[in-house]
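Shown next, in structure tokens, is the structure this report addresses.
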């Protein structure tokens, strides 16, 4: 059995979609596969998305099972069921562990800059010649993951492949023309209904060599300004509980911007070494939007150049 799984800390729409859609493809090809996770989806997997069909399995791995990692390549943070020596494939778009997996898996490690891992999974459907057989659920999941991870095609990591994949998937998924707005508004409502849980469900503890604040939370909503105006004090309290060195990236789809909320000067200074930012009352706005993985890439680049104090434009 091939177990298709992702990270341990949280499960976002990209990981959720990739697990389900890739397991479906492998089963169609006669390869027994199961989409599995030990963790719960975060707010990016909205109630409507959850209602599209069966979700992920909770599964006790057997000794001979093989593992496929999707939307994750940091082997420190994979699902706890994973046996690293039994990983046979990695599909990811986050930087940092390309060399590790290339040495272990060769071409079976597909880690590259692209808007969504969902696009990489869709490309496997294309290569297999089975796009016509994709279920409506898998098509809708992959399409929505592409919308989310490309920030509705405004993100700096968006590629032509992401745009093309969505164009093929959306009709098969029967998504409405304004699905993007509906989806991000629903995600925002879910986040606001339980803000602390939403923050915790998309929080990463960054390593010191990342040159980023230690606690880095992120959320994607339709209207970032409205969320911050309404919930600023609650967010500040939650961040203080996590420790002094932290930042929240609130990505606003409507206005195509990121609002970085970093109450401490320690965190602000770390970000200032990577970007030219203007802070006002602990908030800096960047347009177009930036994802956490893009900042991580800037941090890794600064480390490789041995110039942690340089500003990357």
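Residue numbers (my numbering): 1 to 313.
Cβ coordinates follow ideal geometry from the N, Cα and C atoms, glycine included.
These numbers come from a predicted model, not from an experiment.
8 angstroms contact criterion, which residue i and residue j should meet: CB distance rounded
i, j, result
"residue 293", "residue 94", "5 angstroms"
"residue 215", "residue 203", "6 angstroms"
"residue 162", "residue 44", "Not really, about 16 angstroms apart at Cβ, beyond 8 angstroms."
"residue 160", "residue 146", "With a Cβ gap of about 12 angstroms, residue 160 and residue 146 do not count as contacting."
"residue 72", "residue 56", "Not a contact, Cβ separation roughly 14 angstroms."
"residue 8", "residue 80", "6 angstroms"
"residue 227", "residue 247", "That pair is no contact at about 15 angstroms."
"residue 124", "residue 22", "7 angstroms"
"residue 42", "residue 201", "4 angstroms"
The alpha helix (DSSP H) enclosing residue i, as first and last residue numbers
i, result
"residue 165", "160–173"
"residue 184", "179–193"
"residue 136", "136–149"
"residue 39", "Careful: residue 39 lies outside any alpha helix (DSSP H) and carries neither H nor E."
"residue 280", "From DSSP, residue 280 is part of no alpha helix (DSSP H); its letter is neither H nor E."
"residue 2", "First-last for residue 2: 2–5, but that is the beta strand (DSSP E), not the alpha helix (DSSP H)."
"residue 119", "117–128"
Residue interval of the beta strand (DSSP E) (run including residue i)
i, result
"residue 205", "203–205"
"residue 66", "66–70"
"residue 251", "246–252"
"residue 105", "Premise fails: residue 105 lies in the alpha helix (DSSP H), 98–105, not in any beta strand (DSSP E)."
"residue 220", "215–221"
Residue-chain proximity (residue i, chain C), Cβ-Cβ < 7 angstroms
i, result
"residue 104", "Within the model displayed, chain C is absent; a lone protein chain is all it includes."
Distance CB(residue i)-CB(residue j) smaller than 7 angstroms
i, j, result
"residue 277", "residue 284", "yes"
"residue 175", "residue 142", "no"
"residue 84", "residue 97", "no"
"residue 6", "residue 70", "yes"
"residue 290", "residue 264", "no"
"residue 199", "residue 224", "no"
"residue 26", "residue 130", "no"
"residue 206", "residue 250", "no"
"residue 4", "residue 68", "yes"
Residues sharing a beta bridge with residue i, DSSP
i, result
"residue 257", "252"
"residue 109", "90"
"residue 57", "36"
Worksheet item: Does the region 179–188 come within contact of the region 54–74, defined as at least 3 CB pairs closer than 8 angstroms?
Response: Because the criterion of three Cβ pairs below 8 angstroms is not met, the region 179–188 and the region 54–74 do not touch.
Worksheet item: Are there three or more Cβ pairs, one per stretch, closer than 8 angstroms when the region 115–127 is compared with the region 11–24?
Response: Contact between the region 115–127 and the region 11–24 is present, because at least three Cβ pairs lie under 8 angstroms.
Worksheet item: Touching or not, the region 204–214 and the region 270–281, by the rule of three or more beta carbon pairs under 8 angstroms?
Response: Per the Cβ contact rule, the region 204–214 is in contact with the region 270–281 (3 or more Cβ pairs under 8 angstroms).
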